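In the numbering used here, the protein residues as written are 6 to 306. All C-beta atoms in this analysis are idealised placements derived from N, C-alpha and C, irrespective of residue type, glycine included. Remember, it's a predicted structure, so these values are computed and weren't measured experimentally. One structure is given below, encoded as structure tokens.
Structure follows, in structure tokens:
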């Protein structure tokens with residue numbers, strides 16, 4: 006008849022020595038190796054202390070119905086803006102356009118996905134250069150709360166007279182330094198157009214730590230006979246922001262602990278094998294005692 010095992014008790018081999026002994030020194034050395042070697046290995050592999058994270062976030066963008074237009078011909082300029090002071094300063098070049106604006110929420114998530122703007126103005130001049138500045142309200146809130154006024158600049162220069170221009174591009178987040186974690190930044194939530202010299206305006210905007218710009222732009226110039234109107238049609242897509250930020254202390258420690266613990270498991274197993282060989286072969290002198298491991302031993306541990 007076959008025999009079945011209904012209960013088993015392991016045999017424990019204990020190696021004992023005094024506090025001041027080679028065995029005690031070896032055990033302390035193994036503990037120190039297990040504690041500090043994983044840290045050195047994880048740290049030397051780089052990325053132990055996370056200094057920056059990248060987060061994708063869909064911004065809350067809206068067109069502020071503020072714009073500035075500058076068109077040039079070989080002999081004169083045509084300009085217009087939504088700013089009364091600018092129009093007054095450039096009244097001799099002022100042409101009032103017809104404008105149609107619509108913003109779309111294509112996936113019904115509560116955030117606008119793009120801007121469709123059509124602008125046309127009368128001109129008997131041959132237009133060779135078009136520069137248009139659009140102003141947006143831009144908000145981020147997941148990692149840090151950022152409220153700002155931002156720009157999108159459309160610029161096209163042609164050696165052939167233009168009767169119109171089509172533009173398609175992306176309004177993208179740009180930054181020159183990392184965003185602070187869980188901070189509120191309203192530094193740029195104020196009017197950008199404080200000076201009406203375009204070069205000064207763009208220089209001041211470029212000095213900011215972060216903003217937006219139009220990228221992946223595609224231009225389709227329209228040439229040919231003119232009916233006295235210059236037409237500009239733009240579609241700008243609002244893209245997700247790739248936000249680089251300095252993580253908080255808890256995020257840094259959490260990621261460091263994951264790396265440390267994963268290496269620690271390897272060292273604990275390796276040190277266990279080494280200690281078993283050293284003590285079982287009596288490479289350091291100890292007193293040996295064999296006993297059966299009981300449930301009481303487990304409860305004490």
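Using the Cα positions of residue i and residue j, report the straight-line distance between them to the nearest angstrom.
{"i": "residue 235", "j": "residue 62", "result": "37 Å"}
{"i": "residue 286", "j": "residue 250", "result": "54 Å"}
{"i": "residue 105", "j": "residue 144", "result": "24 Å"}
{"i": "residue 23", "j": "residue 293", "result": "13 Å"}
{"i": "residue 47", "j": "residue 55", "result": "12 Å"}
{"i": "residue 261", "j": "residue 252", "result": "12 Å"}
{"i": "residue 68", "j": "residue 141", "result": "4 Å"}
{"i": "residue 129", "j": "residue 240", "result": "26 Å"}
{"i": "residue 268", "j": "residue 43", "result": "5 Å"}
{"i": "residue 150", "j": "residue 190", "result": "6 Å"}
{"i": "residue 264", "j": "residue 49", "result": "12 Å"}
{"i": "residue 284", "j": "residue 17", "result": "13 Å"}
{"i": "residue 192", "j": "residue 126", "result": "35 Å"}
{"i": "residue 121", "j": "residue 254", "result": "43 Å"}
{"i": "residue 71", "j": "residue 99", "result": "16 Å"}
{"i": "residue 116", "j": "residue 201", "result": "31 Å"}
{"i": "residue 242", "j": "residue 226", "result": "20 Å"}
{"i": "residue 110", "j": "residue 176", "result": "15 Å"}
{"i": "residue 182", "j": "residue 108", "result": "30 Å"}
{"i": "residue 81", "j": "residue 101", "result": "16 Å"}
{"i": "residue 174", "j": "residue 266", "result": "46 Å"}
{"i": "residue 273", "j": "residue 30", "result": "17 Å"}
Give the secondary structure of residue i by DSSP, where H, G and I count as helix, E and B as strand, and everything else as coil.
{"i": "residue 277", "result": "helix"}
{"i": "residue 263", "result": "helix"}
{"i": "residue 8", "result": "coil"}
{"i": "residue 255", "result": "helix"}
{"i": "residue 271", "result": "helix"}
{"i": "residue 43", "result": "helix"}
{"i": "residue 1", "result": "In the structure as shown, the chain begins at 6 and stops at 306. Residue 1 is therefore absent and cannot be evaluated."}
{"i": "residue 38", "result": "helix"}
Go ahead and label residue i buried or exposed: buried means 16 or more other beta carbons lie within 10 angstroms of its beta carbon, across all protein chains shown.
{"i": "residue 153", "result": "buried"}
{"i": "residue 244", "result": "buried"}
{"i": "residue 229", "result": "exposed"}
{"i": "residue 172", "result": "buried"}
{"i": "residue 66", "result": "buried"}
{"i": "residue 14", "result": "exposed"}
{"i": "residue 148", "result": "buried"}
{"i": "residue 96", "result": "exposed"}
{"i": "residue 76", "result": "buried"}
{"i": "residue 40", "result": "exposed"}
Regarding residue i and the ligand MN, is the C-beta to nearest heavy atom distance less than 7 Å?
{"i": "residue 294", "result": "The ligand MN is not part of the structure shown, which contains no ligands of any sort."}
Which runs of the beta strand (DSSP E) fall wholly inside the stretch 55–97 and span at least 3 residues, in chain order? 58–62, 65–77 and 82–86
Inside the stretch 140–223 only - beta strand (DSSP E) runs reaching at least 3 residues: 150–167 and 169–180
Cβ contact (3+ pairs, closer than 8 Å) linking the stretch 122–139 and the stretch 154–171: yes
Whole alpha helix (DSSP H) elements within the stretch 89–138, 4-residue minimum: 89–94
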